[in-house]
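Quick note, the sequence shown lines up with residues 3 to 64 if you use the working numbering.
C-beta: ideal position from N, C-alpha, C; glycine also.
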Amino acid sequence: MGVISAEDLPGLAQGRQEALLALRLMEEPATPGALTKARAAFRRALRVVPQSTPDQYCYETR
Numbered sequence: 003m004g005v006i007s008a009e010d011l012p013g014l015a016q017g018r019q020e021a022l023l024a025l026r027l028m029e030e031p032a033t034p035g036a037l038t039k040a041r042a043a044f045r046r047a048l049r050v051v052p053q054s055t056p057d058q059y060c061y062e063t064r
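Structural data, given as structure tokens:
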């Protein structure tokens with residue numbers, strides 16, 4: 003079985019896009035709803051980015 007590069011992992015590109023969106027939103031904190039939208043984008047990113055090992059804290063808080 004071959005090794006999959008990190009760039010080919012499902013969810014990585016989408017997670018990166020969501021994280022970048024969150025950063026752009028945080029650059030304009032005075033914009034109405036920007037920080038709420040940034041938090042939502044970070045949550046979406048964390049849902050789709052694969053984990054290299056199980057995250058016990060994440061498991062316990064879900």
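>> Between which two residues does the alpha helix (DSSP H) holding T38 run?
In response: Counting along the chain, T38 sits inside the alpha helix (DSSP H) bounded by residues 36-50.
> Are the Cβ atoms of A15 and F44 separated by less than 9 Å?
Replying inline: 9 Å or more divides the Cβ of A15 from the Cβ of F44.
> Closest to V51 by CA distance: which of V5, S7, G17 is it?
Replying inline: Among V5, S7, G17, the Cα nearest to that of V51 belongs to G17.
>> Going by DSSP in three states, G4 sits in which element: helix, strand or coil?
In response: Reduced to three states, the DSSP call for G4 is coil.
> alpha helix (DSSP H) containing E30: first to last residue?
Replying inline: Note, E30: premise wrong, no alpha helix (DSSP H); not H, not E.
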